Amino acid sequence: MLEKVNLHSRQHEQFRADVIEGLSASRKMLPCRWLYDDRGSELFEQITKLPEYYPTRTETGILKARAEEIAAFCGERAVVIEYGAGAGVKTEILLGALTNPALYMPLDIAGDFLAASAARIEGRFPYLEIRPLVADFTDDFELPADLPKLPPRVGFFPGSTIGNLAPLDAADFLRRVRGHVGKDGRAVIGVDLKKDLSVLLRAYDDGAGVTAEFNKNLLRRINRELDGNFDLEGFAHEARWNARNSAVEMHLVSLRRQSATACGRRFSFALGETIHTENSRKYSLEAFRRLAERAGWRVEQVWTDPDRLFAVIGLC
Ligand code: AVI
Numbered sequence: 010m011l012e013k014v015n016l017h018s019r020q021h022e023q024f025r026a027d028v029i030e031g032l033s034a035s036r037k038m039l040p041c042r043w044l045y046d047d048r049g050s051e052l053f054e055q056i057t058k059l060p061e062y063y064p065t066r067t068e069t070g071i072l073k074a075r076a077e078e079i080a081a082f083c084g085e086r087a088v089v090i091e092y093g094a095g096a097g098v099k100t101e102i103l104l105g106a107l108t109n110p111a112l113y114m115p116l117d118i119a120g121d122f123l124a125a126s127a128a129r130i131e132g133r134f135p136y137l138e139i140r141p142l143v144a145d146f147t148d149d150f151e152l153p154a155d156l157p158k159l160p161p162r163v164g165f166f167p168g169s170t171i172g173n174l175a176p177l178d179a180a181d182f183l184r185r186v187r188g189h190v191g192k193d194g195r196a197v198i199g200v201d202l203k204k205d206l207s208v209l210l211r212a213y214d215d216g217a218g219v220t221a222e223f224n225k226n227l228l229r230r231i232n233r234e235l236d237g238n239f240d241l242e243g244f245a246h247e248a249r250w251n252a253r254n255s256a257v258e259m260h261l262v263s264l265r266r267q268s269a270t271a272c273g274r275r276f277s278f279a280l281g282e283t284i285h286t287e288n289s290r291k292y293s294l295e296a297f298r299r300l301a302e303r304a305g306w307r308v309e310q311v312w313t314d315p316d317r318l319f320a321v322i323g324l325c
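Residue numbers for the sequence shown follow our numbering, so the first one is 10 and each next one is one higher.
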């Protein structure tokens, strides 16, 4: 309990520090991790079901269609380490296809969420050993020393969340996974691919306005948790393509000259000034191969859909 309270207050302090720093910068920005309070996670879940948001259904389709090959790539008696425990149906597809998986270790920073998803997997796979671990996969951490070393360890990171990491952080993350699974280990990573801009921008600015709501919810969170007074009507959601970074960016655009307070500070906005709230990088297969190699991996398998929208990549 004490640990949970501490984690909560550490998170709160970090959120406060990020808001003060990010909104004081000449180009205002906020780290995308703060989009996911309870309401934000709910809205993201809705996004994954939108007709315009192709990544989730495309990746799920690839996992289903290629489940046997992916399972063969992972090997028998695999120890599966999943980075982030929210993948639900994708995890079930992988675990259901594996031959006698030895152990499943989901990692997540949110203990409640982790416990709920571990319980769901336990219900589906009663004979599988499940060892949830509370950890922030964007930070360095060691796996428990008694985790079986013999069977192949497999790092699983679906969802194209790797695209939300800056390239240096993505390389650090892949290096960390390499350290966790060892030199004989493997990884299965979901990667969203570069494509037609209109398809990309629609995926991040849907007709029903769910993504806009998801983005603006960050201001609502600041108002609630950091004693803010942002006028949500004063900001608009915008999805932009940044060609240099090969990323879709989410912004909150100020619709007028205005100021708002939060954390006891005042922040001013010019008309049209934005808060940059997320990067979602889109890789070419070649760019991802270079990233993986820099982090000590070799691309061994690429599973994709007929339209080459998305790739599930097997690294060893
Ligand atoms: C979680 N992540 C992979 C999503 C993405 O596509 O970058 C987050 C998201 N942002 C807006 N829509 C979805």
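The beta carbon of each residue, even a glycine, is placed where N, CA and C say it ideally should be. Keep in mind that this is a model prediction, so the values were computed, not measured.
Rounded to the nearest angstrom, how far is the Cβ of Ser263 from that of Glu282, given a contact under 8 Å? 5 Å
Meets three-Cβ-pair contact criterion under 8 Å: the stretch 283-293 and the stretch 154-165: no
Considering only their Cβ atoms, is the gap separating Tyr213 from Ala248 smaller than 7 Å? It is a contact, given that the beta carbons lie within the stated cut-off.
For Glu309 and Ser126, I'd like the C-alpha separation in whole angstroms. Whole-angstrom Cα-Cα distance: 30 Å.
Inter-residue CB distance, Ala111 and Glu138 (contact presumed, cutoff 8 Å): 7 Å
Nearest-angstrom beta carbon gap, Val321 and Glu68 [assumed within contact, 8 Å]: 6 Å
Cutoff 7 Å; reference Trp250; Cβ partners in own chain excluding five residues on either side: Leu206, Leu209, Leu210 and Val257
Just curious, the alpha helix (DSSP H) that Asp47 is in, first and last residue? Asp47 to Ile56
Write down every uninterrupted run of the beta strand (DSSP E) in the stretch 202-260 whose length is 3 residues or greater and which is fully enclosed by it, in chain order. 244-251
Tell me the DSSP secondary structure of Ala271 in three-state form. strand
The stretch 226-240 in contact with the stretch 35-48 per 3-pair CB rule at 8 Å: yes
Taking the C-alpha atoms as reference points, what is the distance between Arg133 and Val311? Distance between the alpha carbons of Arg133 and Val311 is about 28 Å.
Nearest candidate by alpha-carbon position, reference Leu294, set Lys204, Phe82, Val143 and Pro64: Lys204
Tell me, to the nearest whole angstrom, how far the beta carbon of Val89 is from that of Gly120; I am working on the premise that it is less than 8 Å. The Cβ separation is near 20 Å, so there is no contact.
What are the partner residues of Arg195, as DSSP defines its beta bridges? Val163
Throw me the rounded Cβ distance for the Ile231 and Ala271 pair, which I believe falls under 8 Å. 5 Å
Quick one, are the C-beta atoms of Ala180 and Leu300 less than 7 Å apart? yes
Name the DSSP bridge partner or partners of Ser263? According to DSSP, which records beta bridges pairwise, Ser263 is partnered with Phe244.
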